[in-house]
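Peer 1: Residue numbering for the sequence shown is 1 to 272, as defined by full-length UniProt numbering. Take a look at the following structure, please.
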Amino acid sequence: MAPSAKKRPVAAAKRKTNVLRSLHRLKITGQFSHRMFQNLPPILCVPLKNIVDDVFLLAGHIFLGFTKCGRYVLSYTREQVFDELPDYVYYLYWWKFNIHDKLKQVRQIRLFKDQEVYSDLYLTVCEWPSDPTKLIVFGFNIRSVYDLLINMVMSDENDRDIYITAVAAPPFTQCPDCRDTALLTTDDPNTCCLQHGFMLHTKFQVVYPFPTFQPAFQLKKDGVVLLNTSYSLVACAISVNTTGDKGQVLYSKSCESQERAGEVEEEIGRAH
């Protein structure tokens, strides 16, 4: 008896999702032509409540997912403090992941420190394409301070605030500088060196039509973020120069002047 027509697509689907064939294709071409798994295997599915204590869920942690390296899970919390105006405070957390154990918190930082945030923010947490040493967080102001002050009398927003925090990712293991820093710091034994513990906070404003953040384009180059300020495009390079190695410095006025001087000398040489 001829096989049923309904069974053929199933067999074809099984051939398409064959793991060994997918890995062989990856070895040859360097990429998958489609998702390796159409559905996640049950062994890889772990309920969040099984790896997170209830106290953290009740505290309002919003879990974002894994970092690119797969070692950490990210989450954030929001606190609201009322004074004359509501003040919003955001914290970002790194959790060490182990499928057979509870998540272990390895770092907590305050986002947009020293900035007054009077409105709820829409957060975007991003990593660069091939730089796992740091990440960047954008906070988009949903409601303007002006609207809060006049109780939504006007319907138009004149501007919106964009908050940015660039922060080093926690190291897998402590480097010698991290160990020395931890010994000198009695308040927090997990304190890291500048390379593994730096934070950068800033803010700018955009106007109508309020350009959105596009990570695939604005974070295309490792260590550089392209900002659209409505009036101009600004490329900001983020690096830590701790050893005096000039190769770590992405841009400096002295390097620019030296390059210009070299170009002038080259032009003079051609003229002679």
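For glycine and all other residues, C-beta sits at the position ideal for the given N, C-alpha and C. Bear in mind the structure is a predicted one, so any value in this text is a computation, not a measurement.
(1) How is Leu20 classed by DSSP in three states: helix, strand or coil?
(2) So within the stretch 94-182, which uninterrupted beta strand (DSSP E) runs reach at least 3 residues, ignoring any that extend past its ends?
(3) Between the alpha carbons of Pro41 and Val19, how many angstroms are there, rounded?
(4) Give the range of the alpha helix (DSSP H) segment to which Gln205 is assigned.
(5) Counting beta carbon pairs with one atom in the stretch 111-128 and one in the stretch 75-93, are three or more of them shorter than 8 Å?
(6) Mind checking which residues open and close the beta strand (DSSP E) that includes Ile62?
(7) When the Cα atoms are used, what is the spatial distance from Thr181 to Gln108?
(8) Which same chain residues end up closer than 6 Å to Leu200 when comparing Cβ atoms and leaving out the 5 residues on each side of it in sequence?
(9) Classify Asp161 as buried or exposed, calling it buried when 16 or more other Cβ atoms lie within 10 Å of its own Cβ.
(10) Just verifying my parser: in three-state terms, what is the DSSP assignment at Phe210?
(11) Taking the C-alpha atoms as reference points, what is the distance between Cys45 and Leu58?
(12) Mind checking who Arg78 pairs with in its DSSP beta bridge?
(13) Please name the residue in Arg179, Tyr122 and Leu184 whose C-alpha comes closest to that of Ile164.
(14) Are the CB atoms of Phe63 and Ser75 nearer to each other than 8 Å?
(15) Candidates Ala235, Thr229, Val234 and Gly223: which alpha carbon is nearest Pro132's?
(16) Put Ala237 into one of helix, strand or coil per three-state DSSP.
(17) Going straight from the alpha carbon of Cys178 to that of Val52, what length do you get?
(18) In this structure, what does DSSP give as the bridge partners for Tyr72?
(19) Please list the terminal residues of the continuous alpha helix (DSSP H) segment that includes Asn50.
(20) Would you kindly work out how many angstroms separate the C-alpha atoms of residue 305 and Arg78, rounded to a whole number?
(21) Might you give, ordered along the chain, the residues of its own chain that have their beta carbon closer than 7 Å to the beta carbon of Val81, omitting 5 neighbours on each side?
(22) Return the first residue and the last residue of the beta strand (DSSP E) that Leu44 is part of.
(23) Distance check for Thr173 and Gly70, CA to CA, integer angstroms please.
(24) Going by DSSP, what residue range makes up the alpha helix (DSSP H) through Leu57?
(25) When the Cα of Phe140 is compared with those of Thr124, Asn50, Ile43 and His100, which residue comes out closest?
(26) For my contact list, Ala169 and Leu135 are in at a C-beta cut-off of 8 Å; report their separation, rounded to the angstrom.
Peer 2: Checking against the coordinates, here is how it stands:
(1) If you number the sequence shown from 1, residue 20 lands on position 20. Three-state DSSP puts Leu20 in a helix.
(2) DSSP runs (the beta strand (DSSP E)) wholly in the stretch 94-182: 104-111, 121-128, 131-141 and 160-168.
(3) For this step, residue 41 is matched to residue 41 along the sequence shown. For this step, residue 19 is matched to residue 19 along the sequence shown. Those two C-alpha atoms are separated by around 12 Å.
(4) Residue mapping note: residue 205 aligns to position 205 of the sequence shown, counting from 1. Run containing Gln205: none in the alpha helix (DSSP H); it sits in the beta strand (DSSP E), Met199 to Val206.
(5) The stretch 75-93 vs the stretch 111-128: in contact.
(6) Position 62 of the sequence shown, counting from 1, holds the residue named residue 62. Counted as a single uninterrupted DSSP element, the beta strand (DSSP E) harbouring Ile62 occupies residues Ile62 to Phe66.
(7) Looking up residue 181 in the sequence shown gives position 181. Looking up residue 108 in the sequence shown gives position 108. In this structure, the alpha-carbon of Thr181 lies about 17 Å from that of Gln108.
(8) Along the sequence shown, one-based indexing puts residue 200 at 200. Hits under 6 Å: Ala166.
(9) The residue labelled residue 161 in the question sits at position 161 within the sequence shown. The residue in question, Asp161, is buried, as its Cβ has 16 or more Cβ neighbours within 10 Å.
(10) Residue numbering aside, residue 210 sits at position 210 when the sequence shown is read from its first letter. DSSP places Phe210 in coil when its eight states are reduced to three.
(11) Your numbering for residue 45 matches position 45 in the sequence shown. Your numbering for residue 58 matches position 58 in the sequence shown. Going from the Cα of Cys45 to the Cα of Leu58 covers about 22 Å.
(12) Here the question's residue 78 lines up with position 78 in the sequence shown. Secondary-structure assignment with DSSP links Arg78 through a beta bridge to Tyr90.
(13) Your numbering for residue 164 matches position 164 in the sequence shown. Of the candidates Arg179, Tyr122 and Leu184, the one whose C-alpha sits nearest the C-alpha of Ile164 is Tyr122.
(14) Locating residue 63 in the sequence shown gives position 63, where the first residue counts as 1. Locating residue 75 in the sequence shown gives position 75, where the first residue counts as 1. Yes; because the gap between Cβ atoms is below 8 Å, this pair is in contact.
(15) Mapped onto the sequence shown, residue 132 falls at position 132. The residue with the shortest Cα to Cα distance from Pro132 is Gly223.
(16) The residue given as residue 237 occupies position 237 in the sequence shown. Taken through DSSP and simplified to helix, strand or coil, Ala237 comes out as strand.
(17) Numbered from its first residue, the sequence shown carries residue 178 at position 178. Numbered from its first residue, the sequence shown carries residue 52 at position 52. Between the alpha carbons of Cys178 and Val52 lies a distance of about 28 Å.
(18) For the purposes of this step, residue 72 is taken as the residue at position 72 of the sequence shown. Its beta-bridge partners are Lys96.
(19) Reading the sequence shown from its first residue, position 50 is the one you call residue 50. Element bounds for Asn50: Leu48 to Ile51.
(20) No information on residue 305 is available, as it lies outside the stretch 1 to 272 that the chain covers here.
(21) The sequence position of residue 81 within the sequence shown is 81, counting from 1. Excluding positions up to five away in sequence, the list reads Asp87 and Val89.
(22) Taking the first residue of the sequence shown as position 1, residue 44 is located at position 44. Premise fails: Leu44 is in no beta strand (DSSP E) and is neither H nor E.
(23) Residue mapping note: residue 70 aligns to position 70 of the sequence shown, counting from 1. Residue mapping note: residue 173 aligns to position 173 of the sequence shown, counting from 1. Note on geometry: alpha-carbon atoms of Gly70 and Thr173 lie some 15 Å from one another.
(24) Counting from one through the sequence shown, the residue named residue 57 turns up at place 57. In the DSSP assignment, Leu57 falls within the alpha helix (DSSP H) that extends over Asp54 to Leu58.
(25) Mapped onto the sequence shown, residue 140 falls at position 140. Relative to Phe140, the option among Thr124, Asn50, Ile43 and His100 whose CA is nearest is Thr124.
(26) The residue labelled residue 169 in the question sits at position 169 within the sequence shown. The residue labelled residue 135 in the question sits at position 135 within the sequence shown. 6 Å between Cβ atoms; contact.
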